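Only one structure is covered here, and it is reproduced in the block below.
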Amino acid sequence: MATYAIGDLQGCLDPLEALLEQIRFDPAADRLWFVGDLVNRGPQSLEALRFVRGLGDRAVTVLGNHDIHLLGCYFGTRVARGRDTLAPILEAEDGDELIDWLRRQPLLHHDPGLDWTLVHAGIHPAWDLPTAQAAARETEAAMQADEPLTFFGEIFGNQSDHPDGNTTPIDRQRFAINVFTRMRYCHADGRLDFAEKRPPADADPALIPWFAMPERAMAERRIVFGHWSTLGPAKARANAWGIDQGCLWGHQLTALRLEDEALFATNCPGAQKPKGGK
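Letter by letter, the sequence shown follows residues 1 to 278 in full-length UniProt numbering.
If you want it as structure tokens, here you go:
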């Protein structure tokens, strides 16, 4: 039995199937952890979403920024962008069922037996595990409540960028969405930066990758995340494994076996050219 964390799919199902063949995935024994961004910009968003949902309890996925964007488009609070490949989902006969399933996926997953934590973008440096879990639970409950238009009408935006000062529930939930699905860099005071997407060697030196922040509360815990395709090779950085290797851009789809930190990858044909990140 093995557990494989798999980097951002973004609608690239064929590379996923090739990767599962390479690792000899056994659906009767193995488990898959998806780091989010199951959909968008790749050619098979609908098929990828159906495939992951069809894995049932053999798979865990957390939500990424593109998944949240899809939900916003479905509920009419977001507008599809030019490079989006979400229309087949929104128009599918089983689209409502897929959206309902996606809306009920977590923002954070922690396995105490493996002692690994799964998120899409990261965990704020000031948060320990109980704090991060509480923020995720509150936000997931609001997202899954009976008033989705209220939630998805208010959680998009850059105004919630610091863990302090979020006095209302929607401010806290917006900050949690920004942390779990959008974060790359922090300022020295812990404020999120939403603009910089380049690798650390090219970025503003005043900005700090979230996993490199001094006195990070979860520095001793193992985290696996995606989201940052320009970060560089898949490897541990202060116990945080970034495994988005830019499959969408014609690079690789990567799997990390959590039990022994072995890496596997398959080459991807690529569907789009990057324009400054994602």
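C-beta atoms are modelled at their ideal positions from N, C-alpha and C, and glycine is treated no differently.
Quick caveat: nothing in here was measured; it's all calculated off a predicted structure.
Inter-residue CB distance, residue i and residue j (contact presumed, cutoff 8 Å)
| i | j | result |
| --- | --- | --- |
| Arg191 | Asp161 | 5 Å |
| Leu13 | Gln44 | 4 Å |
| Leu231 | Pro269 | Their Cβ separation, rounded to whole angstroms, is 22 Å, which puts Leu231 and Pro269 out of contact at 8 Å. |
| Leu38 | Leu9 | 5 Å |
| Phe180 | Leu107 | 4 Å |
Bridge partner(s) assigned by DSSP for residue i
| i | result |
| --- | --- |
| Cys186 | Leu192 and Ile208 |
| Ile6 | Phe34 and Ala255 |
| His109 | Leu118 |
| Asn267 | Gln252 |
| Leu262 | With the sequence shown as reference, residue 262 is identified as Ala, and Leu is not the correct amino acid for it. DSSP output for Ala262 lists Arg257 as bridge partner(s). |
Nearest residue (CA-CA) to residue i, options the options
| i | options | result |
| --- | --- | --- |
| Asp244 | Thr61, Gly165, Ile155 and Gly226 | Gly226 |
| Leu258 | Pro130, Ile99 and Trp116 | Trp116 |
| Leu70 | Ala87, Trp127 and Leu207 | Ala87 |
| Thr61 | Gln22, Ala142 and Ile6 | Ile6 |
| Pro112 | Thr85, Ala195, Leu129 and Ala262 | Leu129 |
| Val35 | Phe151, Ala240 and Trp210 | Ala240 |
| Asp204 | His187, Gln144, Met213 and Arg216 | His187 |
| Val253 | Ala2, Glu21 and Met1 | In the sequence on display, residue 253 carries Leu and not Val. When only C-alpha atoms are compared, the closest one is Glu21. |
| Phe152 | Asp260, Gln173, Asn40 and Phe25 | Gln173 |
| Phe25 | Gly11, Arg41, Thr3 and Gly42 | Thr3 |
| Trp210 | Leu63, Arg182, Gln144 and Arg103 | Arg182 |
Any C-beta of chain B under 8 Å from that of residue i
| i | result |
| --- | --- |
| Gly42 | Absent from the structure is chain B; it holds one protein chain and no more. |
List, from N- to C-terminal side, the beta strand (DSSP E) runs of 3 residues or more that fit wholly inside the region 19-77. 31-34 and 59-61
Would you check if the region 74-87 and the region 120-128 touch, i.e. whether three or more CB-CB distances between them fall below 8 Å? no
Which parts of the region 218-259 are runs of the beta strand (DSSP E), unbroken and 3 residues or longer, counting only runs that do not cross its ends? 222-225, 240-242 and 252-257
Does the region 40-58 come close enough to the region 97-111 that 3 or more CB-CB pairs lie under 8 Å? yes
Okay, do the region 136-147 and the region 158-177 touch, 3+ Cβ pairs below 8 Å being the bar? yes
The region 149-160 / the region 244-253 touching (three or more Cβ pairs under 8 Å): no
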